[in-house]
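What follows is one structure encoded as structure tokens, with my remarks underneath.
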Amino acid sequence: MIFSVLATGINVMPNINKIILYNALHKVLSLLFIIIGSTALPHTLCAKEKYPPKWLFKSNFSECYRIPSLVSIGVNLIAVAERRHGTSESNPDQPSLAKKENFNSKKCMDWGYIDLVMRRSVDGGRSWNEQTSIVRYSNFLQSPFNMALAGNPTLLETKGKLILLFNVTRSSGEYNGAKCSTKQPPVTCGYYFSNQIWKIESSNLGSTWTSPELVDISTPVTDMVRVGPGHGIVLSNGDLLVPGYPWLLKSSDGGITWRKAATTRNSPLRGGETAAVEIRPGHVWALLRPTKRTAIKNRSSYPFRLSASSFDFGDNYETIEVNKAFLSPLVQAGLTKYGDRIVASYPAASAEQTEKGPDNESIRDRRNLMLSISTDDAESWKRCDLTEGAAGYSDIAAMHGGLALIYEGNIDGTLKDDPRQGVIYRFVTDEFMATCISK
Numbered sequence: 001m002i003f004s005v006l007a008t009g010i011n012v013m014p015n016i017n018k019i020i021l022y023n024a025l026h027k028v029l030s031l032l033f034i035i036i037g038s039t040a041l042p043h044t045l046c047a048k049e050k051y052p053p054k055w056l057f058k059s060n061f062s063e064c065y066r067i068p069s070l071v072s073i074g075v076n077l078i079a080v081a082e083r084r085h086g087t088s089e090s091n092p093d094q095p096s097l098a099k100k101e102n103f104n105s106k107k108c109m110d111w112g113y114i115d116l117v118m119r120r121s122v123d124g125g126r127s128w129n130e131q132t133s134i135v136r137y138s139n140f141l142q143s144p145f146n147m148a149l150a151g152n153p154t155l156l157e158t159k160g161k162l163i164l165l166f167n168v169t170r171s172s173g174e175y176n177g178a179k180c181s182t183k184q185p186p187v188t189c190g191y192y193f194s195n196q197i198w199k200i201e202s203s204n205l206g207s208t209w210t211s212p213e214l215v216d217i218s219t220p221v222t223d224m225v226r227v228g229p230g231h232g233i234v235l236s237n238g239d240l241l242v243p244g245y246p247w248l249l250k251s252s253d254g255g256i257t258w259r260k261a262a263t264t265r266n267s268p269l270r271g272g273e274t275a276a277v278e279i280r281p282g283h284v285w286a287l288l289r290p291t292k293r294t295a296i297k298n299r300s301s302y303p304f305r306l307s308a309s310s311f312d313f314g315d316n317y318e319t320i321e322v323n324k325a326f327l328s329p330l331v332q333a334g335l336t337k338y339g340d341r342i343v344a345s346y347p348a349a350s351a352e353q354t355e356k357g358p359d360n361e362s363i364r365d366r367r368n369l370m371l372s373i374s375t376d377d378a379e380s381w382k383r384c385d386l387t388e389g390a391a392g393y394s395d396i397a398a399m400h401g402g403l404a405l406i407y408e409g410n411i412d413g414t415l416k417d418d419p420r421q422g423v424i425y426r427f428v429t430d431e432f433m434a435t436c437i438s439k
């Protein structure tokens with residue numbers, strides 16, 4: 001109707017005036033429809049239509065993709081994830097390997113044979129190159145080991161160089177799960193067992209990588225030290241800090257050598273997978289997944305996450321506390337700084353899950369990805385719904401105009417309750433975050 005009336009009025013005018021008026025009205029009406037559209041529809045819906053989620057790594061019958069890591073360098077995005085093969089060795093490069101589309105949860109176990117794969121974008125996430133394998137488990141099958149995994153990818157960018165730290169867990173038996181790695185070495189669970197941290201580096205945005213190199217953090221072999229997953233940060237004093245558990249890891253020489261730093265190991269509130277930001281020079285704030293034992297001991301406060309503050313560049317935690325701002329199941333969370341904001345990504349705990357407590361959680365309790373945003377240095381948080389359905393581990397990176405987000409979940413509607421369907425990319429606009437903050 002509006003267009004019809006305007007067209008009638010314009011038709012009776014001289015041609016030159018028609019053009020001038022038409023152009024002016026076009027600008028006004030375009031602005032009007034933007035305003036009407038943004039108020040008539042939920043902002044989350046608008047965001048989904050403008051920037052729909054994309055599969056980066058999709059699980060199938062032969063492989064399961066989990067545990068994402070992400071960094072941004074200008075418009076370049078580098079995403080890494082685990083490719084899990086289960087306990088049957090396979091060569092994903094063989095053309096004869098049938099990759100049926102249907103999902104096979106048996107390939108998603110936390111042990112077995114696991115590679116690390118990568119995809120890159122050079123245009124801010126609009127398009128992505130083909131998947132490439134950057135760390136193969138077969139590199140770590142020297143005698144006496146016959147089973148190996150490369151897991152928990154943790155990316156870090158410093159001065160144009162990419163560093164990827166990861167765990168290597170291997171055994172001479174038929175099992176290389178974490179429960180064997182803290183008992184008496186070198187024989188655990190009845191066979192030889194090894195848990196180490198390794199790294200690779202790239203000086204050309206991930207086009208090529210160095211050969212894997214062992215990271216010596218001078219810890220007794222009885223101590224299980226895990227890196228990541230997620231991403232590391234460069235502190236204001238130039239040190240590199242990588243999340244890990246039960247310790248943070250730090251380097252003062254650009255990633256050549258690493259040492260253990262802050263830990264919750266001696267606290268009654270013990271954390272596992274960790275993410276960290278530097279709020280102000282020297283003030284490192286960490287968000288931790290509580291261990292199951294900690295969650296059970298603090299059942300009356302569940303669901304929650306742990307938060308910890310260090311005022312000596314992450315060398316020691318001064319405070320460790322239960323944080324009820326994050327109503328989350330026992331799962332890793334993403335964390336980053338975006339301008340003067342701190343942003344966290346994690347699945348939300350449901351009312352049913354809260355009722356049954358941390359004892360009986362399963363991976364299918366990981367649903368409904370949330371963003372929590374703080375504008376006051378982590379003192380208070382605004383929560384906003386981001387996705388419905390299955391959602392698990394995630395990582396986020398700041399970009400111009402918004403956040404790059406990768407997370408475990410599902411897009412196509414099948415098996416909605418299982419986040420191991422694959423790893424998804426999504427762009428979260430600055431406008432979406434501003435709307436969340438203003439609620």
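Residue 307 in this note's numbering sits at position 307 of the sequence shown, and the numbers go up by one each step.
Cβ atoms here follow ideal geometry from the backbone N, Cα and C, with glycine treated the same way.
Range of the contiguous beta strand (DSSP E) that encloses residue i
| i | result |
| --- | --- |
| Glu278 | Gly271 to Arg280 |
| Asp115 | Ile114 to Ser121 |
| Asn129 | No beta strand (DSSP E) contains Asn129, which DSSP labels as neither H nor E. |
| Ile197 | Tyr191 to Ser202 |
| Arg259 | Arg259 to Thr263 |
| Leu240 | Leu240 to Val242 |
| Ala404 | Gly402 to Gly409 |
| Lys58 | Lys54 to Lys58 |
| Val215 | Glu213 to Val215 |
| Asn316 | First-last for Asn316: undefined, no H or E at that position. |
| Leu248 | Trp247 to Ser251 |
Integer-rounded CB distance, given that residue j should sit under 8 angstroms from residue i
| i | j | result |
| --- | --- | --- |
| Ala442 | Gly402 | The question about residue 442 has no answer, for the chain in this structure spans 1 to 439. |
| Phe166 | Trp198 | 6 angstroms |
| Ser59 | Gln421 | 6 angstroms |
| Leu162 | Ser202 | 4 angstroms |
| Lys292 | Leu249 | Lys292 to Leu249, Cβ: 23 angstroms. No contact. |
| Ile411 | Leu405 | No, Ile411 and Leu405 are not in contact; Cβ-Cβ is about 14 angstroms, not under 8 angstroms. |
| Ala398 | Thr354 | Actually they do not touch by this definition, with Cβ atoms about 31 angstroms apart. |
| Leu327 | Ala308 | Not confirmed; about 18 angstroms, so no contact. |
Selected residue, minimal CA-CA separation from residue i, among the options
| i | options | result |
| --- | --- | --- |
| Tyr51 | Ile373, Tyr425 and Ser438 | Tyr425 |
| Phe103 | Gln131, Phe140, Tyr317 and Glu63 | Glu63 |
| Glu82 | Pro68, Gly232 and Ile73 | Pro68 |
| Thr274 | Gly334, Ile296 and Arg265 | Gly334 |
| Ser267 | Tyr317, Gly190 and Ala351 | Tyr317 |
| Pro246 | Leu70, Ser105 and Thr264 | Thr264 |
| Tyr113 | Leu369, Leu162, Gln131 and Ser172 | Ser172 |
| Val122 | Asn76, Val428, Gly339 and Glu130 | Asn76 |
| Thr319 | Leu405, Tyr407 and Ser310 | Ser310 |
| Ile279 | Asn139, Tyr137 and Thr375 | Thr375 |
| Val80 | Arg305, Gly228, Leu269 and Ser362 | Gly228 |
| Glu157 | Ile200, Pro290 and Val135 | Ile200 |
| Val117 | Glu89, Glu361, Leu141 and Ala150 | Ala150 |
| Gln131 | Leu56, His85, Ser194 and Ser88 | Leu56 |
| Leu155 | Ser105, Gly206 and Phe145 | Gly206 |
| Ile342 | Lys382, Ser362 and Arg366 | Lys382 |
| Ile134 | Leu288, Gln142 and Trp209 | Trp209 |
| Arg367 | Tyr407, Val428, Glu379 and Ser438 | Tyr407 |
| Gly314 | His85, Ala286, Tyr191 and Ser345 | Ala286 |
| Arg305 | Gly282, Gly271, Val284 and Asp312 | Gly271 |
| His85 | Arg126, Arg119, Met147 and Ile78 | Met147 |
| Ser236 | His283, Ala261 and Asn195 | His283 |
For residue i, the first and last residue of its enclosing alpha helix (DSSP H)
| i | result |
| --- | --- |
| Lys179 | From DSSP, Lys179 is part of no alpha helix (DSSP H); its letter is neither H nor E. |
| Arg293 | Lys292 to Lys297 |
| Ser438 | Asp430 to Ser438 |
Strand pairing of residue i, partner residues [DSSP]
| i | result |
| --- | --- |
| Ala511 | Examination of residue 511 is not possible in this model, given that the chain is present from 1 through 439 alone. |
| Ser307 | Leu287 and Glu321 |
| Ser394 | Tyr407 |
| Gly334 | Ser345 |
| Cys64 | Arg84 |
| Ile78 | Val71 and Arg120 |
| Phe103 | Partner(s): none; Phe103 has no beta bridge. |
| Arg467 | The requested residue 467 does not occur in the structure, where the chain is confined to residues 1 to 439. |
| Ile134 | Looking at the DSSP assignment, Ile134 forms no beta bridge with any residue, so it has no partner. |
| Ile233 | Leu241 |
| Leu155 | Leu164 and His231 |
| Tyr425 | Lys54 and Ile406 |
| Thr188 | Tyr191 |
| Met224 | Beta-bridge pairing links Met224 to no other residue. |
| Met399 | Gly402 |
Any chain C beta carbon closer than 9 angstroms to residue i
| i | result |
| --- | --- |
| Gly151 | Protein chains in the displayed structure number just one, and chain C is not present. |
Going along the chain, which unbroken runs of the alpha helix (DSSP H) with 4 or more residues stay wholly within the region 349-391?
351-356
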